[in-house]
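Report on the structure given below.
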Amino acid sequence: MEDIVRIASIAQYNSMRDVTTKHPLVTVIDHSKALPMPARSFNFGLYAVGLKELNSAQLRYGRKHYDYQEGSVVFVAPGQVVGVQPGVESFAAKGWSLLFHPDLINGTPLGKHIQDYSFFSYDVNEALHLSDKERSIVIDCFSKIEYELDQNIDKHSKGLIASNIELLLNYCIRFYDRQFITRDNANKGILERFECLLKGYFSSGKPRNEGLPSVAYFAEALHLSPNYFGDLVKKETGRSAQEYIQSKVIDLAKERVFDMNKSVSEIAYELGFKYPQHFTRLFKQKVGVTPNDYRTMK
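In this text, residue positions in the sequence shown follow my numbering: the first is 2, and each later residue adds one.
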């Protein structure tokens, strides 16, 4: 079994790349001035944002592979495993990396909502692909953080660095929104497949045996990470993936409650509810009346 190297500190990472540690909790690396990443697998205890400017290596993320194209950005959160494939050109001959320890953002506005940046949980094959203008903005953000690292650490350092990281991440949200729009046709294809999977699931015996389907179930079937899939559905429909699934369940429930040969409890089990009262509660929440009351409205 392959050994996985744990990267727990900025100093450890900087040592591996042969760059100077200017701050114990954050680093910005110009890849052209650093040693390449060795062909190993790494378990990151750090947040990382990597911009690749030349197609020179293949990155492995978990068990998946991704050709890291020119002008693309990947995001890594603590606990994720990333590796560099052996037998290919050295990783990241040109580009930038920002890494920061979770302790850096504790007590800052960024620390309070870092979990809102859902792209840290995207798969690497769902990377952000930048236009030339967007790439310039990202590099400018890296440069601003690097400028702060070149100053003496004082009472302003943490706030300024965290603010600039937050600015970078906010730009990345905007760029991902643009990417969802420019890939509109591909996204609509995914939504059509999602709709087919929904119909297929509820027309099979799976709900009774396996319960209500989760967002993760459909994401896996579509070969997407749950967060990317959820964000895509939200951008395209204005509803979360969970709300979309619930809407489908309610549409089916409205049809089935008029079958007087079945009790409301039986319909609930058919739709995948473990407890009929949960079905009744959701139905009333979404429709405004209970299933039994809805039956009498025909």
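Glycine residues also receive a C-beta, built at the ideal position from the N, C-alpha and C atoms.
- Here Ala-220 has Ser-226, Pro-227, Phe-230 as same chain residues with Cβ atoms under 7 angstroms from its own Cβ, once five neighbours each way along the sequence are excluded.
- Pairwise C-beta distances place the region 21-28 in contact with the region 138-153, as three or more of them are shorter than 8 angstroms.
- By the beta-carbon neighbour count (other beta carbons within 10 angstroms, threshold 16), Leu-47 is buried.
- Each residue's CA atom was taken as its position, placing Gln-247 and Ser-132 some 37 angstroms apart.
- In the structure shown, the three-state DSSP call for Asn-262 is coil.
- The straight-line gap separating the alpha-carbon atoms of Lys-113 and Glu-267 is approximately 44 angstroms.
- Take the alpha-carbon of Ser-241 and the one of Lys-235: they are about 5 angstroms apart.
- In the DSSP annotation of this structure, Phe-274 is not part of any alpha helix (DSSP H), being labelled neither H nor E.
- For His-32, the secondary structure class from DSSP, reduced to helix, strand or coil, is helix.
- The alpha-carbon of Phe-203 is positioned some 42 angstroms away from that of Leu-169.
- Between the region 159-168 and the region 203-213, the count of C-beta pairs closer than 8 angstroms stays below three; the two stretches do not touch.
- When the beta-carbon positions are compared, Leu-99 and Ile-11 stay at least 8 angstroms from each other.
- Phe-274 and Phe-284 have their C-alpha atoms some 12 angstroms from each other.
- Judged by DSSP secondary structure, Ser-73 falls within the beta strand (DSSP E) whose first and last residues are 73-77.
- Between His-32 and Trp-97 a beta carbon distance of about 7 angstroms is seen, short of the 8 angstroms cut, so the two are scored as contacting.
- Secondary structure at Gly-108: coil, using DSSP grouped into helix, strand and coil.
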